[in-house]
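Chains S and H are the protein sequences, given in the same order. Take the first sequence: its letters are residues 12 to 156, numbered as in this note's numbering. Take the second sequence: its letters are residues 29 to 714, numbered as in this note's numbering.
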Amino acid sequence: MQKRAKFGIGIGVIVISLGFLAWMGYGESKTYYHTIAELQTLQGASLSHRMRVGGTVEPGSIRRLSGRVDFVLQGEGKSLPVSYVGSEPLPDTFVDKSQALVEGRPAADGRFVAEHVQAKCASKYEAAPGGTPTPAGGEARTSTM
Amino acid sequence: MDVFGSFALLLAFVCAVYAFIGGIAAIRTRHPLLVKSTRQAGLATCGLIFLATLSLEYLFFSDNFSVAYVVAHSNRSLSPFYKVAALWAGQEGSLLFWSFLLAVYVFSALIAYRNKNGELMPYVGVVLAGVQIFFLTLNNFVASPFKALGVPGVNGAMDLVARGDGNGLNPLLQYPEMVIHPPNLYSGYTGFTIPFAFALGALLARYPGEKWIHLTRKWTMIAWGFQTAGILLGAHWAYAVLGWGGYWAWDPVENASLLPWLTGTAFLHSVMMQEKRGMMKVWNVWLVFCTFLLCILGTFLTRSGVVSSVHAFASSNIGNWFVGFIAIILLVCLTAYFKNRDYLKSENQLDSIVSRESSFLFNNLILLVSCVAVLSGTLFPVFSEWFTGDRISVGTPFFNKVNIPIGLLLLFLTGVGPLLAWRKTSLDSLKRNFGWPLLMGLVAGAIAFPLGVRGFYSLICLILCVFVASTITMEFYRGAKVIRARSGASFLASAVDLTMRNTRRYGGYIVHMGMVLIFIGIAGTAFNKDIQKEMQIDSSMQIGPYSLLLQNFDTKQEKNYTAERMIIEVTRDNKPVMMLYPERRIFPANQASGTMVAIYSTLKQDLYVVYAGQSPDTQAPVIHVYLNPLVKCIWFGGVVVVLGTLVALLPNRRAVLVLAAVQEPTRVKSMAGTLTPSPTLREGHD
C-alpha cells in the first residue's frame, strides 16, 4: 500500500505542478478572436484582452511611417484603423486587398495597436502539404520563438 | 492518363472493399481460399494505388495542363526535381500521396507475413483495408486529383479547357527540404497504421501472448524514425526558408506532427515493460490506438484548417469526413477493448519506485502530459468557442511553460532509466552507475555559471546533458572494455562490436545521445540575439564577433523568378570569413515572393541574415541579422537519432563462442552455424 502511495504522490506532484505552469502560461498568452464588428461592441474589461482580429487590407490605406505602419482593415462592412508597432518587418504577402490577421490590443482612441501581423494573398494558394507550418499556406509570420 | 489514373483509383477502392468484406467473411468461415483471395485483393489495392500515383506524376512530367491539379501546382519551367514534389503540393495530391505511402506499408506487411501468423493476418488485413477504404473514398469521391480543368460554359455546364501553362509551384515549397520533408513526415503518419492494425487485430483475434509486440517493433521504429526526421526537416525548412530566425513556433500544423511522435515515443518505451514483465497491456494497446488517432487528427488539422480560422480553405468540406472517420475508429477501438479486455490482464505489479519499470512509467506519464498539453493548446480555440462562445487561442508562452520542464524531466529519465535494474535497484548500483556522471554534470554547471549561463533552465539543461552523455559514454566504455580484454581489438572496434551484438540496446543509446544534442541546441535559444538595420552600400554593422559590410545591392534574373539580393561580406577580427547573399525572389507565374535566408553556420553559432525589404522612406535595403547559438547541434542531433534508429533496426550479430585461444579457426567456423544461444551464452558477451 505504501508503494502505491509513493507512486500516487510522485504522479500527483508532477501533474499538479505542470498544471499550474499551464495555467500561468494560459493567463499570459490567451488571445481572443474577434471580428471587426464584434470589436466595436466590446465594453469594459474585455477591451483590455489581448486579441486577434482578421480582415482585408483596404486598398491604398497602407501608410509606412517612422516606427509604425498604419493601415485599415475591412470586414463585414465595417472598418478598423490599425497601427502596427512591432519590430519585425511586415511579411511579403502584406499588400492591398490581402487577408490579414493582426494581434494586439485596442487603444483608447479606437485605433487597434498590433504587435504581430500575419497576411496571406487572397485565394492565391492552397494549403501547404501536411506538416509544414501554416506560413506555407501563403502567409508569413512576424513572430519569433 | 488522367482517365487511367482515376480508373485505377476506382478499381483500388473496389479491391479494398472486397479485401474488407471478404476478409470479415474469411475470419468467420476460415475458408483458406477466401483468406488467400482477400490477401491478394489487398495486394491488388496497393498495386493500383501505385499506378494511380505514377500516372499523376506522368501528368506533371508531360505538362498536361488540362488537369486542374497540374495547372494549380506546376508550370513548364518548373524543374523536374520539383515536379516530383508538386505531387503533394495541394490537398488532392497530398491525400493521394497518403494512400500511396500507406499502400507501400500494407504491401510490405502483406508480403512479409504471407506465410506466417495465419491466425492473426486476416484480422490485420481487414483493419488495413478499412483504413485504405477511407482514404480511397477521399481520393475517388471527395478530392480527386484527376479532375479535368473546366470553366463555366454558356449554358451553365462546365466546358473542358486546356491551358498553355500552369500557375507554378508555391515558391515557399521550391526548396530542397520541401521535397524530402513531406515524404518523411507522411511516412511517419502512415507508418503507425501497421502497429495499429496489429494491435487491433490481436485484440480482436485474442491472439495469444506478446507476439504482436514483437511483430510490430520494427514497424513502429521505422514509423517513429520517419516521424522524427520529418519533424526536424520541417523545423529546418521553417528555419531556412521562412526567415523569422526560429524553427519552431507551436503552430497548429507543427503541433499536429508532434502529437503522434509523443505518444509513439511513449509506446516504444512502454512495450518493453510488456515484453519483459507482462505489464501495461491495456496501456500499450491504448497508446498505439491513440497514436494512430493522432496521426489521423494531424492529417485532419493540416488539411481542414479547423484551428486557424482565417486560414480555412473555403472550398473544402473534407473536415467532416475526417471527424467521421476518427469517430468510427474510436468506436471500433472501444468496442474491441470492452469485449476483450480480460485478455489484457497484467501479469505483474510494480515492485519499487526506484526501478526500470517506474522510470518507464514516469517517462510515459510526462510524455502523455506533454501530449495532452499540446493537444489542448492546439484545439483550445475550437473548444473555448464551444463552451464559452469566445474563440480564445493560447500562444508560445503556454506551450513553453509546460514543455520545457517536461523536456528536462525526460532528459533526466533518459540518463537514469536505462541503468536502473528491473524490479528494484540497490543503493550500491545507484552509486556505481550515477556517481561519476552526476559529478561531471555538476562540474560542467560550475564551469558554465561564471561563463554567463545564468538562466535556471539553461543551467539545469546543461548539467543534465552532461550527466546523460556521461552515463551513455560509460555504458559504451564498460562494455567495450570487456570485449577489448578478450579480443584485444582497438577500443573503437570493440565499441562497434558491442553495438552490433545488441543493436537494440546500443542503438537506443545512440538515439538518446542524439536527443541530448537536440536539447543542447534548443537550450541555445536562450542566448539568441538579433538586430534590424537599414544599410547603405559600403556601410557596415556588428553583431557578436562578426562584422557585416554591404558591398552591393542588385537584381538578378533567373529562369523562374527575379531576385533582389544583398551582397554582404562577413569579417571577423578584420579577417574575411565569407560572402552572404540574402535575397528575395519574385515569381511572376503566381505573383508571389519568397525570402532566401543566408546562413553562415558554425558548430558554435549561426549567423542568420535576412533581406527584409526596402525602407519605405529612403529605399535603402533593410537587413535583419540573427545570431543563434548552437542551432547546428539540433540538425546534427537529428542525424544521430536517425542513425541510432537504423542501428536498432539491424539484427543482432550472432555471438560467436570463443572457447579458447588455441581453437582452430576452421573448427570455430564450422561450429558457428550450429550454435544456438544457451544459458551460458549471455547477450552482449562472448
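Glycine included, every Cβ here is placed at the ideal spot set by N, Cα and C. Given the structure is predicted, the values throughout are model-derived calculations rather than measurements.
Contact test: residue i Cβ vs the ligand SAM heavy atom, cutoff 7 Å
| i | result |
| --- | --- |
| GLN570 (chain H) | The ligand SAM is not part of this structure, which contains no ligands at all. |
Whole-number beta carbon distance between residue j and residue i, since they are thought to touch under 8 Å
| i | j | result |
| --- | --- | --- |
| ALA257 (chain H) | GLY326 (chain H) | In fact, because the Cβ distance is near 16 Å, the residues do not count as touching under 8 Å. |
| SER374 (chain H) | LYS309 (chain H) | 6 Å |
| ASN92 (chain H) | MET149 (chain H) | At roughly 40 Å, the Cβ-Cβ gap does not stay under 8 Å, so ASN92 (chain H) and MET149 (chain H) are not in contact. |
| CYS74 (chain H) | VAL134 (chain H) | 5 Å |
| ALA231 (chain H) | ALA364 (chain H) | For the sequence presented, residue 231 (chain H) should be read as Leu rather than Ala. At roughly 5 Å, the Cβ-Cβ gap stays under 8 Å, so LEU231 (chain H) and ALA364 (chain H) are in contact. |
| VAL281 (chain H) | THR319 (chain H) | With a Cβ gap of about 18 Å, VAL281 (chain H) and THR319 (chain H) do not count as contacting. |
| GLY552 (chain H) | LEU655 (chain H) | Going by Cβ atoms, the distance from GLY552 (chain H) to LEU655 (chain H) rounds to 10 Å, so no, they are not a contact pair. |
| THR499 (chain H) | GLY542 (chain H) | The Cβ separation is near 15 Å, so there is no contact. |
| GLU611 (chain H) | ALA591 (chain H) | 4 Å |
| LEU526 (chain H) | TYR534 (chain H) | 6 Å |
| THR6 (chain S) | GLY86 (chain S) | With chain S running from 12 to 156 in the structure shown, residue 6 (chain S) is simply not present. |
| ARG35 (chain H) | VAL95 (chain H) | One point to set straight first is that residue 35 (chain H) is Phe, not Arg, in the sequence displayed. At roughly 14 Å, the Cβ-Cβ gap does not stay under 8 Å, so PHE35 (chain H) and VAL95 (chain H) are not in contact. |
Closer than 8 Å to chain S by CB, residue i
| i | result |
| --- | --- |
| ASN426 (chain H) | Reading off the sequence shown, one finds Phe at residue 426 (chain H), where the question assumed Asn. It does: the Cβ of PHE426 (chain H) has a partner Cβ on chain S nearer than 8 Å. |
| ILE571 (chain H) | no |
| SER421 (chain H) | yes |
| PRO409 (chain H) | yes |
| SER337 (chain H) | Residue placement at SER337 (chain H) cannot be trusted, given a pLDDT of 39 that sits under 50; what the coordinates show is reported in the next sentence. Judged by the 8 Å Cβ criterion, SER337 (chain H) is in contact with chain S. |
| LYS587 (chain H) | no |
| GLN564 (chain H) | no |
| ASP418 (chain H) | yes |
| LEU39 (chain H) | no |
| LYS429 (chain H) | yes |
| VAL45 (chain H) | no |
| GLN560 (chain H) | yes |
| VAL690 (chain H) | Interpretation of VAL690 (chain H) is limited by its pLDDT of 45, a score under 50 that renders its predicted location unreliable; no figure is taken from the coordinates. |
| ALA36 (chain H) | no |
Residue-chain proximity (residue i, chain H), Cβ-Cβ < 8 Å
| i | result |
| --- | --- |
| PHE98 (chain S) | Going by the sequence as given, residue 98 (chain S) is Ser instead of Phe. SER98 (chain S) counts as touching chain H. |
| GLU137 (chain S) | Low local confidence applies: a pLDDT of 41 at GLU137 (chain S) is under 50, so the model's placement there is unreliable, with the coordinate-based value given in what follows. Yes, because at least one Cβ of chain H sits closer than 8 Å to the Cβ of GLU137 (chain S). |
| THR67 (chain S) | no |
| TYR37 (chain S) | yes |
| LYS14 (chain S) | yes |
| ASP120 (chain S) | no |
| ALA125 (chain S) | no |
| ASP103 (chain S) | yes |
| ARG63 (chain S) | yes |
| MET156 (chain S) | Note that MET156 (chain S) has pLDDT 32, beneath the 50 cutoff, so the model's placement of it is unreliable and the number below is only indicative. Yes, contact with chain H. |
Range of the contiguous beta strand (DSSP E) that encloses residue i
| i | result |
| --- | --- |
| LEU578 (chain H) | 574 to 585 |
| ASP566 (chain H) | Run containing ASP566 (chain H): none; DSSP gives neither H nor E here. |
| GLN633 (chain H) | 633 to 642 |
| SER90 (chain H) | Premise fails: SER90 (chain H) is in no beta strand (DSSP E) and is neither H nor E. |
| LYS144 (chain H) | Here LYS144 (chain H) belongs to no beta strand (DSSP E), and DSSP marks it neither H nor E. |
| ILE614 (chain H) | 611 to 615 |
| PRO288 (chain H) | From DSSP, PRO288 (chain H) is part of no beta strand (DSSP E) but of the alpha helix (DSSP H) over 280 to 305. |
Alpha helix (DSSP H) segment containing residue i, residue limits
| i | result |
| --- | --- |
| GLN119 (chain H) | 119 to 140 |
| ASP456 (chain H) | 455 to 476 |
| PHE353 (chain H) | 346 to 368 |
| ASP103 (chain S) | Where ASP103 (chain S) is concerned, there is no enclosing alpha helix (DSSP H), given that its DSSP letter is neither H nor E. |
| GLU49 (chain S) | 47 to 50 |
| MET543 (chain H) | 531 to 551 |
| PHE427 (chain H) | 424 to 444 |
is_contact[residue i, chain C] using C-beta, thresh 8 Å
| i | result |
| --- | --- |
| LEU32 (chain S) | Annotation note: the requested chain C is absent from the structure, which comprises protein chains S and H. |
(request) Would you list, in chain order, the members of the segment 148 to 180 of chain H that have their beta-carbon closer than 9 Å to a beta-carbon of chain S? (result) none
(request) Name, going along the chain, the residues of the segment 17 to 30 of chain S whose beta-carbon falls closer than 8 Å to a beta-carbon of chain H. (result) LYS17, PHE18, GLY21, ILE22, ILE25, VAL26, SER28 and LEU29
(request) Evaluate contact between the segment 149 to 161 of chain H and the segment 106 to 125 of chain H, counting only Cβ atoms and requiring at least three cross-stretch pairs below 8 Å. (result) no
(request) Select from the segment 39 to 55 of chain S all residues with a C-beta closer than 9 Å to any C-beta belonging to chain H, and list them in chain order. (result) GLU39, SER40, LYS41, THR42, TYR43, TYR44 and HIS45
(request) Please list the residues of the segment 391 to 406 of chain H that have a C-beta atom closer than 9 Å to any C-beta atom in chain S, keeping them in chain order. (result) LEU393, ILE394, VAL397, SER398, ALA401, SER404 and GLY405
(message) Can you confirm whether the segment 249 to 264 of chain H touches the segment 219 to 234 of chain H when touching is taken to mean that 3 or more C-beta pairs between the two stretches lie within less than 8 Å?
(response) yes
(request) Output, in sequence order along the chain, the residues in the segment 370 to 385 of chain H whose CB is closer than 9 Å to any CB in chain S. (result) GLN377, LEU378, ASP379, SER380 and ILE381
(request) Output, in sequence order along the chain, the residues in the segment 431 to 461 of chain H whose CB is closer than 8 Å to any CB in chain S. (result) PRO433, ILE434 and LEU437
(request) May I ask you to verify whether the segment 470 to 478 of chain H touches the segment 410 to 418 of chain H, counting CB pairs closer than 8 Å and requiring at least 3? (result) no
(message) Three Cβ pairs or more, each shorter than 8 Å: is that satisfied between the segment 39 to 54 of chain H and the segment 94 to 110 of chain H?
(response) no
(request) With 8 Å as the C-beta to C-beta threshold (strictly closer), list the residues of the segment 183 to 209 of chain H near chain S in chain order. (result) ASN198, LEU200, LEU201, MET206 and HIS209
(message) If contact is defined by three or more beta carbon pairs under 8 Å, each pair taking one atom from either stretch, is the segment 82 to 98 of chain S in contact with the segment 26 to 38 of chain S?
(response) no
(request) Give the residues from the segment 621 to 644 of chain H that approach chain S closer than 9 Å (Cβ to any Cβ), ordered along the chain. (result) SER621, GLY622, THR623, VAL638, ALA640, GLY641, SER643 and PRO644
(message) Taking 8 Å as the cut-off, does the segment 47 to 58 of chain S touch the segment 100 to 110 of chain S (at least 3 CB pairs, one atom from each stretch)?
(response) no
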